[in-house]
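Structure, as C-alpha coordinates:
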Amino acid sequence: MDTSKADLSRIELPDVPGGPEIFEKAAKFCYGENFEITVRNVAALRCAAEHLDMSEKFADGNLISRTEEFLMHAALTTFSGAIAVLRSCEDLMPMAETLKIVQRCLEVASLK
3 MDTSKADLSR IELPDVPGGP EIFEKAAKFC YGENFEITVR NVAALRCAAE
53 HLDMSEKFAD GNLISRTEEF LMHAALTTFS GAIAVLRSCE DLMPMAETLK
103 IVQRCLEVAS LK
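If you want our numbering, it's the 1-based position in the sequence shown plus 2.
Given below as C-alpha coordinates:
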(Lines of atoms letter the chains of each structure in order from A and count residues from 1; the text may use other names and numbers.)
(Lines give C-alpha, C1' and ligand atoms only; values in the text may rest on other atoms or scores of the structure.)
Protein backbone atom coordinates (compact mmCIF):
# COMPACT_ATOMS: atom_id res chain seq x y z
CA MET A 1 0.00 0.00 0.00
CA ASP A 2 1.31 3.40 -0.95
CA THR A 3 0.89 5.40 2.24
CA SER A 4 1.74 8.67 0.52
CA LYS A 5 -1.64 8.53 -1.22
CA ALA A 6 -3.65 6.92 1.57
CA ASP A 7 -6.32 8.87 3.41
CA LEU A 8 -5.07 8.37 6.95
CA SER A 9 -7.85 10.46 8.45
CA ARG A 10 -10.47 7.85 7.57
CA ILE A 11 -10.61 4.26 8.73
CA GLU A 12 -13.18 1.78 7.48
CA LEU A 13 -14.31 -0.91 9.89
CA PRO A 14 -17.01 -2.74 7.93
CA ASP A 15 -17.23 -5.72 10.28
CA VAL A 16 -17.98 -3.85 13.53
CA PRO A 17 -21.59 -4.62 14.49
CA GLY A 18 -23.68 -1.47 14.65
CA GLY A 19 -21.40 0.47 12.34
CA PRO A 20 -19.50 3.71 12.99
CA GLU A 21 -21.95 5.11 15.56
CA ILE A 22 -21.58 2.08 17.82
CA PHE A 23 -17.82 1.92 17.28
CA GLU A 24 -17.65 5.56 18.38
CA LYS A 25 -19.52 4.70 21.59
CA ALA A 26 -17.17 1.75 22.23
CA ALA A 27 -14.20 4.07 21.74
CA LYS A 28 -15.74 6.62 24.10
CA PHE A 29 -16.15 3.84 26.65
CA CYS A 30 -12.41 3.08 26.36
CA TYR A 31 -11.58 6.71 27.09
CA GLY A 32 -14.01 7.02 29.98
CA GLU A 33 -16.40 9.35 28.18
CA ASN A 34 -20.05 9.17 29.11
CA PHE A 35 -22.73 7.98 26.72
CA GLU A 36 -26.15 6.52 27.26
CA ILE A 37 -26.88 2.82 26.93
CA THR A 38 -30.50 2.47 25.78
CA VAL A 39 -32.86 -0.29 24.68
CA ARG A 40 -32.19 0.84 21.11
CA ASN A 41 -28.39 0.59 21.23
CA VAL A 42 -27.65 -2.07 23.87
CA ALA A 43 -27.76 -5.02 21.45
CA ALA A 44 -25.40 -3.31 19.00
CA LEU A 45 -23.08 -2.29 21.85
CA ARG A 46 -23.10 -5.85 23.21
CA CYS A 47 -22.29 -7.29 19.77
CA ALA A 48 -19.56 -4.71 19.14
CA ALA A 49 -18.08 -5.37 22.58
CA GLU A 50 -17.92 -9.07 21.74
CA HIS A 51 -16.38 -8.35 18.33
CA LEU A 52 -13.77 -6.06 19.93
CA ASP A 53 -13.19 -8.47 22.87
CA MET A 54 -14.02 -5.83 25.48
CA SER A 55 -14.23 -8.37 28.28
CA GLU A 56 -13.37 -8.66 31.95
CA LYS A 57 -10.02 -10.25 31.13
CA PHE A 58 -8.81 -6.78 30.15
CA ALA A 59 -10.57 -4.63 32.76
CA ASP A 60 -13.27 -4.96 35.38
CA GLY A 61 -16.56 -3.44 34.32
CA ASN A 62 -15.69 -3.61 30.64
CA LEU A 63 -18.28 -3.07 27.93
CA ILE A 64 -19.44 -6.70 27.72
CA SER A 65 -20.34 -6.78 31.40
CA ARG A 66 -21.87 -3.28 31.32
CA THR A 67 -24.16 -4.16 28.42
CA GLU A 68 -25.10 -7.51 29.97
CA GLU A 69 -25.96 -5.72 33.20
CA PHE A 70 -28.16 -3.25 31.31
CA LEU A 71 -29.88 -6.07 29.45
CA MET A 72 -30.63 -8.03 32.63
CA HIS A 73 -31.56 -5.17 34.96
CA ALA A 74 -33.19 -2.65 32.64
CA ALA A 75 -33.91 -3.55 29.01
CA LEU A 76 -35.27 -7.05 29.54
CA THR A 77 -37.43 -6.28 32.55
CA THR A 78 -40.40 -5.09 30.51
CA PHE A 79 -42.27 -6.24 27.43
CA SER A 80 -41.66 -2.93 25.64
CA GLY A 81 -37.96 -3.02 26.46
CA ALA A 82 -37.61 -6.59 25.18
CA ILE A 83 -39.42 -5.72 21.94
CA ALA A 84 -37.26 -2.61 21.39
CA VAL A 85 -34.08 -4.65 21.87
CA LEU A 86 -35.42 -7.40 19.60
CA ARG A 87 -36.18 -4.89 16.83
CA SER A 88 -32.66 -3.51 17.08
CA CYS A 89 -31.22 -7.00 16.47
CA GLU A 90 -32.35 -7.19 12.85
CA ASP A 91 -29.07 -5.86 11.42
CA LEU A 92 -26.93 -7.65 14.02
CA MET A 93 -27.48 -11.22 12.88
CA PRO A 94 -26.05 -13.77 13.34
CA MET A 95 -24.10 -12.36 16.29
CA ALA A 96 -27.23 -11.29 18.19
CA GLU A 97 -28.43 -14.89 17.98
CA THR A 98 -25.03 -16.30 18.95
CA LEU A 99 -25.01 -14.09 22.06
CA LYS A 100 -28.59 -15.23 22.80
CA ILE A 101 -29.90 -11.66 22.78
CA VAL A 102 -32.77 -12.63 20.48
CA GLN A 103 -33.62 -15.69 22.58
CA ARG A 104 -33.66 -13.66 25.80
CA CYS A 105 -35.90 -11.01 24.23
CA LEU A 106 -38.36 -13.65 23.05
CA GLU A 107 -38.38 -15.32 26.46
CA VAL A 108 -39.18 -12.03 28.20
CA ALA A 109 -41.83 -11.10 25.63
CA SER A 110 -43.54 -14.48 25.99
CA LEU A 111 -43.71 -14.14 29.78
CA LYS A 112 -45.06 -10.59 29.94
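Even glycine gets a Cβ: it sits at the ideal position worked out from N, Cα and C.
Model, not experiment: these values are computed from the prediction.
Pick helix, strand or coil for residue i, following the three-state DSSP scheme.
i	result
L54	coil
D62	coil
G20	coil
R100	The identity of residue 100 in the sequence shown is Thr, whereas the question assumes Arg. Helix at T100.
T69	helix
V110	helix
Near residue i, which residues of its chain fall below 7 angstroms by C-beta distance, leaving aside the five closest residues on each side in sequence?
i	result
L101	R48, C49 and E52
L54	A28
A98	A45, C49, C91 and V104
P19	A46, C49, A50, H53, L94 and M97
Go through its chain and collect everything with a Cβ distance to residue i's Cβ below 6 angstroms, but skip five positions before and after it.
i	result
S90	R42 and A45
G83	V41 and A77
What span of residues does the alpha helix (DSSP H) with residue i cover, start to end?
i	result
F81	F81 to S90
Which one of the options has the shortest CA to CA distance from residue i?
i	options	result
A111	P96, T79 and M95	T79
Once the 5 residues before and after residue i are set aside, which same chain residues still bring their CB inside 8 angstroms of it?
i	result
E58	N64, I66 and S67
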